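J.: In the order they appear, the protein sequences are chains A and B. So the first sequence is residues 1 to 186, counted in the working numbering. So the second sequence is residues 1 to 186, counted in the working numbering.
Number of protein chains: 2
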Amino acid sequence: MTDTRTYHHGDLRRALLAAALEAVEEVGPAALSLRDLARRAGVSHAAPAHHFGDKAGLLTALAAQGFDLLTQALTEADGDLLEAGVAYVDFAVTRRAYFEVMFRPELYRADDAELIAARGRAGAALRSGVAARSTGGAPADTDRHALAAWSIAHGFATLWLAGALPDRVGDDPREAARAVLRRLTT
Amino acid sequence: MTDTRTYHHGDLRRALLAAALEAVEEVGPAALSLRDLARRAGVSHAAPAHHFGDKAGLLTALAAQGFDLLTQALTEADGDLLEAGVAYVDFAVTRRAYFEVMFRPELYRADDAELIAARGRAGAALRSGVAARSTGGAPADTDRHALAAWSIAHGFATLWLAGALPDRVGDDPREAARAVLRRLTT
DNA sequence: GGGGAAACTTGTCAGTGGCAAGATTGCCCT
DNA sequence: AGGGCAATCTTGCCACTGACAAGTTTCCCC
Numbered sequence: 001m002t003d004t005r006t007y008h009h010g011d012l013r014r015a016l017l018a019a020a021l022e023a024v025e026e027v028g029p030a031a032l033s034l035r036d037l038a039r040r041a042g043v044s045h046a047a048p049a050h051h052f053g054d055k056a057g058l059l060t061a062l063a064a065q066g067f068d069l070l071t072q073a074l075t076e077a078d079g080d081l082l083e084a085g086v087a088y089v090d091f092a093v094t095r096r097a098y099f100e101v102m103f104r105p106e107l108y109r110a111d112d113a114e115l116i117a118a119r120g121r122a123g124a125a126l127r128s129g130v131a132a133r134s135t136g137g138a139p140a141d142t143d144r145h146a147l148a149a150w151s152i153a154h155g156f157a158t159l160w161l162a163g164a165l166p167d168r169v170g171d172d173p174r175e176a177a178r179a180v181l182r183r184l185t186t
Numbered sequence: 001m002t003d004t005r006t007y008h009h010g011d012l013r014r015a016l017l018a019a020a021l022e023a024v025e026e027v028g029p030a031a032l033s034l035r036d037l038a039r040r041a042g043v044s045h046a047a048p049a050h051h052f053g054d055k056a057g058l059l060t061a062l063a064a065q066g067f068d069l070l071t072q073a074l075t076e077a078d079g080d081l082l083e084a085g086v087a088y089v090d091f092a093v094t095r096r097a098y099f100e101v102m103f104r105p106e107l108y109r110a111d112d113a114e115l116i117a118a119r120g121r122a123g124a125a126l127r128s129g130v131a132a133r134s135t136g137g138a139p140a141d142t143d144r145h146a147l148a149a150w151s152i153a154h155g156f157a158t159l160w161l162a163g164a165l166p167d168r169v170g171d172d173p174r175e176a177a178r179a180v181l182r183r184l185t186t
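#1: Under the three-state reduction of DSSP, which class applies to V27 (chain A): helix, strand or coil?
#2: Helix, strand or coil for D167 (chain B), going by three-state DSSP, please let me know.
#3: Please tell me whether E170 (chain B) and G155 (chain A) are closer than 8 Å, where the distance is taken between their beta carbons.
#4: Going by the beta-carbon positions, is the gap between T158 (chain A) and L81 (chain A) smaller than 8 Å?
#5: Answer with yes or no whether the minimum CB distance from I116 (chain A) to chain B is below 8 Å.
#6: Mapping DSSP to helix, strand and coil, what is H50 (chain B)?
#7: Which residues in the same chain have their Cβ closer than 7 Å to the Cβ of V24 (chain B), if we skip the five residues on either side of it in sequence?
#8: Can A109 (chain A) and G28 (chain A) be called in contact, C-beta distance under 8 Å?
#9: Does E83 (chain B) pass the burial test, meaning 16 or more other C-beta atoms within 10 Å, or should it be called exposed?
#10: Would you check if the distance between the CB atom of T71 (chain A) and the CB atom of A125 (chain A) is smaller than 8 Å?
#11: Pick out whichever of B:R127, B:A20, B:Y88 has its Cα sitting closest to the Cα of T178 (chain B).
#12: F67 (chain B) CB to nearest chain A CB: under 8 Å?
#13: Assuming contact is defined by CB atoms lying nearer than 8 Å, are L74 (chain A) and L17 (chain A) in contact in what I supplied?
#14: With A162 (chain A) as the anchor, note down where its alpha helix (DSSP H) starts and where it stops.
#15: As a quick exercise: from A:A64, A:G10, A:A164, A:T142, pick the residue whose alpha carbon is nearest that of I116 (chain A).
#16: In the stretch 103-128 of chain A, which residues sit with their C-beta less than 9 Å from some C-beta in chain B, listed in chain order?
#17: Taking buried to mean at least 16 other C-beta atoms within 10 Å of its own C-beta, is R144 (chain A) buried or exposed?
#18: Check D141 (chain B) in the structure and name its three-state DSSP category.
#19: With a threshold of 8 Å between beta carbons, is R95 (chain B) in contact with chain A?
#20: Using three-state DSSP, classify R182 (chain A) as helix, strand or coil.
#21: Go ahead and label R119 (chain B) buried or exposed: buried means 16 or more other beta carbons lie within 10 angstroms of its beta carbon, across all protein chains shown.
#22: Roughly how many whole angstroms lie between the Cα atoms of L181 (chain B) and V86 (chain B)?
#23: Would A20 (chain B) and L37 (chain B) be called neighbours here (beta carbons separated by less than 8 Å)?
#24: Quick one: what's got a C-beta closer than 7 Å to L12 (chain A)'s C-beta in the same chain, skipping five residues either side?
#25: Determine, using beta carbons only, whether A20 (chain A) comes closer than 8 Å to chain B.
#26: For a contact meaning CB atoms closer than 8 Å, what does T71 (chain B) contact in chain A?
#27: Quick one, which of B:L161, B:A140, B:D167 has its alpha-carbon nearest F103 (chain B)'s?
#28: Return the residue from the list B:R183, B:G10, B:H9, B:D172 that minimises the CA-CA distance to A92 (chain B).
#29: Could you give the DSSP three-state label for Y108 (chain B): helix, strand or coil?
#30: So with Cβ pairs under 8 Å, would you call F156 (chain B) a contact of chain A?
#31: Starting from A38 (chain B), trace the alpha helix (DSSP H) in both directions and tell me its first and last residue.
#32: Considering Cα atoms alone, identify which of A:D90, A:E114, A:L165, A:W150 is closest to R174 (chain A).
#33: So for F103 (chain B), helix, strand or coil by DSSP?
#34: Nearest chain B C-beta to R178 (chain A) closer than 8 Å, yes or no?
#35: Counting only C-beta atoms, is S33 (chain A) closer than 8 Å to chain B at any point?
#36: Taking the alpha-carbon of R183 (chain B) as reference, which of A:S151, A:R168, A:L34 has the nearest alpha-carbon?
Okay, structure coming up:
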């Protein structure tokens, strides 16, 4: 990478997060090993603790970053509820490592301020997508509709990642998601 | 329990599965420790290996048992799609340990024959609930509807378990699920 | 350039999964 | 009845992990 042999590495925090992303995709978030990350980054086994405290700290940072990336993906599909749902599923599949950590709060510090803020932003982006579409109706109705939309997108994404869906849904998550999500939005 | 001091314990396999259920509810499926289960059952640390081979083997047995229990819960609500969805969410919440293992295939042997059979039975129960309701339409349409129903129920259950839902949904999962699922079924 | 703080290393400890080898017990067969 | 066999369970071990403590190197700012 930057290849500069600064012997403080210079960019360890970022390197560890990048290594963590790879590792999570390979073995899942639970089997992640700090020592393995250290090896991947070429530092000693105790180096990660300096930047993240412990494993939960590292996953907290990863989850927060993930929520911000999700916010970005959702806002890009703004105005179209169906496309927002597709974007949600697409995010889960293409950035699987982030997604798998984000919704496993027992692995990180769910009370971390930065994480809560990032999660809040993602929630707002999600709700704004629904509100933009539901022209009329009581706010409580919009809420329930948002919950239903979130549930169906999240459920489809989760089942897809778990490999629980039958083969006949195909191998294009976006297309398959669209067919399912249409059931709710129309 | 049976209290008989048979010095082959007599019922270790069942005792270990019961201990595993408790442990999973306390610390989650990933943090489960075979040695801890052995301690809970009052046997040596290597005893579990004899019945399940390794950790994945134990979780495979647990997942298979879980799919059968889910099948049972779904068939009890047969004929009513909405109630089947509510039963699905209820199962996830009240038998959380089973549910959390079942949909984390990286933790067990997804190619185990008994497990595949049990999962197949659950899938059939799920689809029959949808087929019973959709009076007309092409089979592919029924399939897609089943997928949508499964997704919304699974998504709601997963979000509930992850503690990701806002407080305002209340603390009764059945009632909250009904309000959300109605969005799809009507 | 000197001093202090941050970044990183080395060393250690308890806990875990898995394997191998041995001990104990139930069970079947003659 | 009892001999032997297989299943069950134990003890002992090794490699690995997360976390902590103490030491070393490097950077940065005055």
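Glycine residues also receive a C-beta, built at the ideal position from the N, C-alpha and C atoms. Just so you know, these numbers come straight off a predicted model, no measurement behind them.
T.: This is what the structure gives:
#1: Sequence index remark: in the first sequence, residue 27 (chain A) carries index 27 (1-based). Here V27 (chain A) sits in helix by DSSP.
#2: Indexing the second sequence from 1 puts residue 167 (chain B) at position 167. If DSSP states are grouped into helix, strand and coil, D167 (chain B) belongs with the helices.
#3: In the second sequence, counting from the first residue as 1, residue 170 (chain B) sits at position 170. In the first sequence, counting from the first residue as 1, residue 155 (chain A) sits at position 155. The residue asked about is misnamed: residue 170 (chain B) is Gly in this sequence, not Glu. No, these two residues do not count as a Cβ contact at 8 Å.
#4: By one-based count along the first sequence, residue 158 (chain A) stands at place 158. By one-based count along the first sequence, residue 81 (chain A) stands at place 81. Contact: no.
#5: As a first step, residue 116 (chain A) is located in the first sequence; it is residue number 116 there, counting from the start. Chain B, which has no Cβ nearer than 8 Å to the Cβ of I116 (chain A), makes this no.
#6: Counted from its first residue, the second sequence places residue 50 (chain B) at position 50. Three-state result, H50 (chain B): helix.
#7: Taking the first residue of the second sequence as position 1, residue 24 (chain B) is located at position 24. So the qualifying residues of the chain are L32, A97, E100, V101.
#8: Position 109 of the first sequence, counted from the start, is the residue given in the question as residue 109 (chain A). Position 28 of the first sequence, counted from the start, is the residue given in the question as residue 28 (chain A). Looking at the sequence provided, one finds Arg at residue 109 (chain A) rather than Ala. Their beta carbons are not under 8 Å apart, which means R109 (chain A) does not touch G28 (chain A) by this criterion.
#9: Translated into positions along the second sequence, residue 83 (chain B) becomes position 83. Classification for E83 (chain B): buried.
#10: Taking the first sequence and counting its residues from 1, one reaches residue 71 (chain A) at position 71. Taking the first sequence and counting its residues from 1, one reaches residue 125 (chain A) at position 125. Yes; because the gap between Cβ atoms is below 8 Å, this pair is in contact.
#11: Position 178 of the second sequence, counting from 1, holds the residue named residue 178 (chain B). Looking at the sequence shown, residue 178 (chain B) is not Thr but Arg. R178 (chain B) has its Cα closest to that of B:Y88, out of B:R127, B:A20, B:Y88.
#12: As a first step, residue 67 (chain B) must be located in the second sequence, where it is residue number 67. So no, F67 (chain B) is outside the interface.
#13: Residue numbering aside, residue 74 (chain A) sits at position 74 when the first sequence is read from its first letter. Residue numbering aside, residue 17 (chain A) sits at position 17 when the first sequence is read from its first letter. No, Cβ-Cβ distance for L74 (chain A) and L17 (chain A) is not below 8 Å.
#14: For the purposes of this step, residue 162 (chain A) is identified with residue 162 of the first sequence, where counting begins at 1. Looking at the DSSP string, A162 (chain A) is not in any alpha helix (DSSP H), and its letter there is neither H nor E.
#15: Stepping through the first sequence from its first residue, residue 116 (chain A) is reached at position 116. Measuring from the Cα of I116 (chain A), the nearest candidate turns out to be A:A64.
#16: F103, R104, P105, E106, L107, A110, R119, G123
#17: Against the first sequence, residue 144 (chain A) aligns to sequence position 144. Buried, since its Cβ has 16 or more Cβ neighbours within 10 Å.
#18: Against the second sequence, residue 141 (chain B) aligns to sequence position 141. Here D141 (chain B) sits in helix by DSSP.
#19: On the second sequence, position 95 is the one that residue 95 (chain B) refers to. Taking Cβ atoms only, chain A never reaches closer than 8 Å to R95 (chain B), which makes this a no.
#20: Here residue 182 (chain A) refers to the residue found at position 182 when the first sequence is read from its first residue. Helix.
#21: As a position in the second sequence, residue 119 (chain B) is number 119, starting the count at 1. R119 (chain B) comes out buried.
#22: For the purposes of this step, residue 181 (chain B) is identified with residue 181 of the second sequence, where counting begins at 1. For the purposes of this step, residue 86 (chain B) is identified with residue 86 of the second sequence, where counting begins at 1. Each residue's Cα considered, the two are about 8 Å apart.
#23: As a position in the second sequence, residue 20 (chain B) is number 20, starting the count at 1. As a position in the second sequence, residue 37 (chain B) is number 37, starting the count at 1. In contact: A20 (chain B) and L37 (chain B) (Cβ atoms closer than 8 Å).
#24: Working through the first sequence from its first residue, we reach residue 12 (chain A) at position 12. Here the set comprises A41, V43, A47, H51.
#25: Translated into positions along the first sequence, residue 20 (chain A) becomes position 20. No - not a single Cβ of chain B is within 8 Å of the one on A20 (chain A).
#26: If you number the second sequence from 1, residue 71 (chain B) lands on position 71. Simply none; closest approach about 15 Å.
#27: Start at 1 with the first residue of the second sequence, and residue 103 (chain B) comes out as number 103. The shortest Cα separation from F103 (chain B) among B:L161, B:A140, B:D167 belongs to B:L161.
#28: By 1-based counting over the second sequence, the position of residue 92 (chain B) is 92. Comparing Cα-Cα distances from A92 (chain B) to each of B:R183, B:G10, B:H9, B:D172, the minimum goes to B:D172.
#29: As a working note, residue 108 (chain B) is residue 108 in the second sequence. Y108 (chain B): coil per DSSP, three-state reduction.
#30: Against the second sequence, residue 156 (chain B) aligns to sequence position 156. With 8 Å as the cut-off, F156 (chain B) counts as an interface residue toward chain A.
#31: As a working mapping, residue 38 (chain B) is identified with position 38 in the second sequence. Here the alpha helix (DSSP H) through A38 (chain B) covers 34-41.
#32: Residue numbering aside, residue 174 (chain A) sits at position 174 when the first sequence is read from its first letter. When only C-alpha atoms are compared, the closest one is A:D90.
#33: Working through the second sequence from its first residue, we reach residue 103 (chain B) at position 103. Note: F103 (chain B) maps to coil in three-state DSSP.
#34: Numbered from its first residue, the first sequence carries residue 178 (chain A) at position 178. Taking Cβ atoms only, chain B never reaches closer than 8 Å to R178 (chain A), which makes this a no.
#35: Position 33 of the first sequence holds residue 33 (chain A). Not one chain B Cβ lies under 8 Å of S33 (chain A).
#36: Reading the second sequence from its first residue, position 183 is the one you call residue 183 (chain B). Nearest option by C-alpha distance: A:S151.
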